[in-house]
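Shown next, in structure tokens, is the structure this report addresses.
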Amino acid sequence: MKIVQDIRAIARPSQICALLPFYAGNEEESFRFGRLGRWYGRLVALVILISSLLFGQDVLFASSEYRLVANNQGDTEEINRTIETLLCIGSYTMMVLSSVLNASRHFRILRDIAKIDEYLVVSGFRGNYSCRNVGILVGSTALGVLAVAFYYIHFRSGIYCKKQVILLLVYSLQLLYSTVFAIYLRTLLRSLALRIGFLNQRLDAFCLQESGYVDNWLELSNLIEVLCKFRYITENVNCVAGVALLFYFGFSFYTVTNQSYLAFASLTASSLGSKRDVADTMGLSCAWVLAETITMAMICSACDCLASEANSTAQILARVYGKSKQIHNLIDKFLTKSLKQDLQFTAYGFFAIDNLTLFKIFSAVTTYLVILIQFKQLEDSKVDEINQA
383 MKIVQDIRAI ARPSQICALL PFYAGNEEES FRFGRLGRWY GRLVALVILI SSLLFGQDVL
443 FASSEYRLVA NNQGDTEEIN RTIETLLCIG SYTMMVLSSV LNASRHFRIL RDIAKIDEYL
503 VVSGFRGNYS CRNVGILVGS TALGVLAVAF YYIHFRSGIY CKKQVILLLV YSLQLLYSTV
563 FAIYLRTLLR SLALRIGFLN QRLDAFCLQE SGYVDNWLEL SNLIEVLCKF RYITENVNCV
623 AGVALLFYFG FSFYTVTNQS YLAFASLTAS SLGSKRDVAD TMGLSCAWVL AETITMAMIC
683 SACDCLASEA NSTAQILARV YGKSKQIHNL IDKFLTKSLK QDLQFTAYGF FAIDNLTLFK
743 IFSAVTTYLV ILIQFKQLED SKVDEINQA
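Residue 383 is where the sequence shown starts when you use the working numbering, and the numbers rise one by one after that.
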């Protein structure tokens, strides 16, 4: 099956992480969701859930033991880092839980795409999206963040060995799951966009014809039917990935905000002993911001690409609609639904995910950063008053 071949490079890592259900067979007749795959996903979800509860409890009630810079952090920084770590734990945990709970629906999506691929391949579709370059980019960035975090936690902080292991494990799981999830989602969405784009090109060919609509009405009917199915599949993909997207973007937004604030706090802290301490702090903050920005940008561009391709179908059909009266009834139903509501990816309905999302996120980060800086200055002024007294 073509869709299985298209996602093959990222399918196995996604299955190992329980983000994609294990399936058997490479043909439509033998393609099935194995029972072993169900139990594996549930086992991984159970292990992640139990470990997350234990880690979360430890981070919440022993937050002072997780201070990366014990002498330089005030109460505001400690609270922000604690919340960030808890969101980190919640993010990858919800990715796994939502993926396991939606495993059957996820499998049906792949099976539906495989059925449509038979028609597309016969029609001449040969498109294929490679995730190699973006995979190398995101994977290298994640490894870089983990290396910087290891250096900073192990060599520059006063955290005890057991707490170091917990913190590094939490960071490792978050980077692993966010990287695999982002690459798989981008591969799937771009593969769907290629298929819809191919159908739109064939549909657009009807606009260039001066006659022959009566003879080709069956082909036009098939194209519209397949496009309707892809619209339904796209909505299902959004439903399956919606919860994971919500928690990931929530964590990423808070991380970018907090790390930007910590970078500012590092530059302005009067108790920093040397420029090297500032560079180390800035290095960790910049690594987190860079990694989350790249991952969010990769997801946003894939969502926007698929949504734009799916929404362009209505514009093409509108042009075909004006060419001949004999196909009005055939197009009316599709246009009625499409023109009322454009297809868009959302984080479980809370906000849309497209190319403008990053701009909105950084606009909000700037606003919250100003607020946090004001709290920092207020805290510093109180400390100075106490010292002078």
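Glycine included, each C-beta is placed from N, C-alpha and C at the ideal position.
Contacting residues, own chain, Cβ-Cβ under 6 Å from residue i (five flanking each side not counted)
i: residue 566; result: 392, 396
i: residue 575; result: 687, 688, 691
i: residue 450; result: 539
i: residue 668; result: none
i: residue 586; result: 698
i: residue 507; result: 580
i: residue 578; result: 612, 691, 692
i: residue 650; result: none
i: residue 743; result: 635
i: residue 726; result: 689, 734
i: residue 594; result: With a pLDDT of 49 at residue 594, under the threshold of 50, the modelled position of that residue is not reliable, and the figure given next carries that caveat. Here the set comprises nothing.
From the options, residue whose alpha carbon lies closest to that of residue i
i: residue 513; options: 686, 549, 619, 562; result: 562
i: residue 406; options: 754, 383, 415; result: 415
i: residue 420; options: 437, 432, 398, 438; result: 398
i: residue 841; options: 732, 649, 638, 727; result: Nothing about residue 841 can be reported from this structure: the residues present for the chain run from 383 to 771 only.
i: residue 522; options: 494, 438, 542, 558; result: 558
i: residue 549; options: 464, 748, 767; result: 464
i: residue 621; options: 641, 486, 666; result: 486
i: residue 552; options: 467, 742, 701, 727; result: 467
i: residue 677; options: 542, 564, 483; result: 564
i: residue 685; options: 747, 434, 739; result: 739
i: residue 496; options: 386, 664, 744, 752; result: 386
i: residue 384; options: 400, 422, 461, 494; result: 494
i: residue 509; options: 573, 763, 536; result: 573
i: residue 461; options: 542, 744, 758; result: 758
i: residue 545; options: 744, 767, 439, 524; result: 439
i: residue 434; options: 483, 554, 536, 542; result: 554
i: residue 741; options: 683, 764, 754, 760; result: 683
i: residue 483; options: 641, 748, 664, 400; result: 400
i: residue 525; options: 498, 560, 764; result: 560
i: residue 680; options: 409, 515, 447, 430; result: 515
Close-in-space but distant-in-sequence residues of the same chain around residue i (CB under 7 Å, 5 per side omitted)
i: residue 459; result: 644, 647
i: residue 674; result: 634, 637, 638
i: residue 729; result: 624, 627, 628, 631, 735
i: residue 437; result: 471, 548, 552
i: residue 750; result: 639
i: residue 724; result: 693
Those residues which DSSP pairs with residue i across a bridge
i: residue 405; result: 415
i: residue 728; result: 734
Per-residue burial, residue i [other beta carbons within 10 Å of its own, 16 or more giving buried]
i: residue 547; result: exposed
i: residue 670; result: buried
i: residue 556; result: buried
i: residue 517; result: buried
i: residue 432; result: exposed
i: residue 756; result: exposed
i: residue 732; result: exposed
i: residue 770; result: exposed
i: residue 661; result: Caution applies to residue 661, whose pLDDT of 42 falls short of 50 and renders its modelled position unreliable; the value that the coordinates give is listed next. Looking at its Cβ environment, which holds fewer than 16 other Cβ atoms inside 10 Å, residue 661 is exposed.
i: residue 588; result: buried
i: residue 746; result: exposed
i: residue 752; result: exposed
i: residue 666; result: buried
i: residue 412; result: exposed
i: residue 602; result: buried
i: residue 543; result: exposed
i: residue 600; result: exposed
i: residue 763; result: exposed
i: residue 498; result: buried
Chain-order list of residues whose beta-carbon lies under 8 Å from that of residue i (same chain, five-residue window excluded)
i: residue 581; result: 502, 605, 608, 609, 612, 695
i: residue 570; result: 389, 619
i: residue 488; result: 402, 403, 481, 622
i: residue 491; result: 615, 618, 619, 622
i: residue 535; result: 450, 541, 546, 549, 550
Residue i Cβ short of 8 Å to the ligand FMN heavy atom set
i: residue 406; result: Summarising the ligand content, the structure contains no ligands, and the ligand FMN is consequently not present.
Self-check item: Stretch pair the segment 511–530 + the segment 436–451: three plus CB contacts closer than 8 Å
Solution: no
Self-check item: Validate contact between the segment 421–428 and the segment 605–615 using beta carbons, cut 8 Å, 3 pairs
Solution: no
Practice problem: Say whether the segment 496–513 touches the segment 616–630, bearing in mind that this needs 3 or more beta-carbon pairs closer than 8 Å, one atom from each stretch. | Solution: no
Quiz item: Does the segment 465–478 touch the segment 624–637, meaning 3 or more C-beta pairs lie closer than 8 Å?
Solution: yes
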